[in-house]
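Numbering (this note's numbering), first residue to last: 410 to 714.
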């Protein structure tokens with residue numbers, strides 16, 4: 410109405426008389442709108458339809474039709490949302506658990522389904538993160554104050570530590586190698602024979618005082634794998650020896666090749682020892698056979714507590 414009122418003033422008394430005469434015949438006298446008064450949209454439309462030259466005025470308070478060329482200017486515009494950013498921080502936590510083990514938890518949101526290597530006291534094992542970049546695993550400790558270095562192929566990584574208070578209660582032997590070759594530790598406790606009680610290896614049917622744990626990730630090419638035999642020396646009520654042998658499966662992919670192997674031993678004196686070895690697997694005519702290695706690992710001598 411502010412625009413209408415000023416236009417009437419400029420037109421002079423003739424236009425005012427015409428407007429007043431029309432309003433007297435068709436409705437109540439229109440009062441000038443004050444700045445704080447509400448505006449009747451319907452009566453404003455009626456006035457603009459009879460005052461000469463005012464029919465082109467657009468009332469912005471009236472509902473706009475689809476054909477109105479100025480309608481888009483009054484529609485609210487969507488505010489673009491800020492792009493979501495991913496926190497690429499790598500974090501890890503290690504917690505000591507019974508059995509001189511450590512529960513390792515890794516979170517790496519920007520390393521989903523990627524190979525990661527865990528390093529600990531000379532031991533190295535390859536694993537894969539899951540769809541969210543997480544990894545949870547239990548790993549045998551080789552030192553009381555255990556340090557775990559975690560690294561990805563892009564040279565990023567992190568560190569986790571924990572205090573393993575029961576490490577002195579266990580004798581532990583680690584066999585580690587690289588590649589898809591299958592190596593198996595077999596422990597014959599106190600004179601046991603293959604398949605009897607006391608024959609311990611990485612199989613659910615094994616029955617003995619010790620335990621064999623395998624860690625690694627098959628199908629990762631040059632992945633690093635480990636098998637660990639642990640015996641609870643501190644709780645043993647028997648004396649004697651434990652014979653340790655290693656079996657290697659000969660396959661079409663490894664036959665005739667040289668395999669580099671490392672053994673780590675943590676015994677009752679709490680000293681960690683390592684030995685590097687290499688062995689040449691039989692030719693491909695023996696693919697599918699198992700090679701038994703009797704002298705690859707040192708036998709354990711156990712004294713009753």
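Where is the CB? At the ideal position from N, CA and C, for every residue including glycine. Everything numeric in this text was worked out from a predicted model, so none of it was measured.
Residue i versus residue j - alpha carbon distance
i, j, result
"residue 648", "residue 578", "15 Å"
"residue 636", "residue 534", "10 Å"
"residue 521", "residue 541", "6 Å"
"residue 632", "residue 625", "7 Å"
"residue 709", "residue 496", "48 Å"
"residue 698", "residue 587", "20 Å"
"residue 677", "residue 502", "28 Å"
"residue 747", "residue 690", "Since the first residue of the chain shown is 410 and the last is 714, residue 747 is not available in this structure."
"residue 674", "residue 707", "9 Å"
Three-way DSSP call (helix, strand, coil) for residue i in this model
i, result
"residue 601", "coil"
"residue 552", "coil"
"residue 643", "helix"
"residue 499", "coil"
"residue 591", "coil"
"residue 695", "helix"
"residue 672", "strand"
"residue 577", "helix"
"residue 637", "strand"
"residue 680", "coil"
"residue 557", "strand"
"residue 512", "strand"
C-beta neighbour in chain B for residue i, strict 8 Å
i, result
"residue 614", "No chain B is part of this structure, which consists of one protein chain only."
First and last residue of the uninterrupted beta strand (DSSP E) at residue i
i, result
"residue 711", "709-711"
"residue 527", "524-529"
"residue 537", "532-537"
Within 8 Å, strictly: CB atoms of residue i and residue j
i, j, result
"residue 525", "residue 515", "yes"
"residue 705", "residue 655", "yes"
"residue 582", "residue 672", "yes"
"residue 569", "residue 622", "no"
"residue 598", "residue 604", "no"
"residue 594", "residue 557", "no"
"residue 559", "residue 567", "yes"
"residue 537", "residue 523", "yes"
Closer than 7 Å: residue i CB and nearest the ligand ADP heavy atom
i, result
"residue 528", "The ligand ADP is not part of this structure, which contains no ligands at all."
For residue j and residue i, believed in contact at Cβ under 8 Å, the rounded distance
i, j, result
"residue 529", "residue 551", "6 Å"
"residue 646", "residue 713", "5 Å"
"residue 641", "residue 615", "Not confirmed; about 15 Å, so no contact."
"residue 590", "residue 532", "Not confirmed; about 18 Å, so no contact."
"residue 506", "residue 547", "7 Å"
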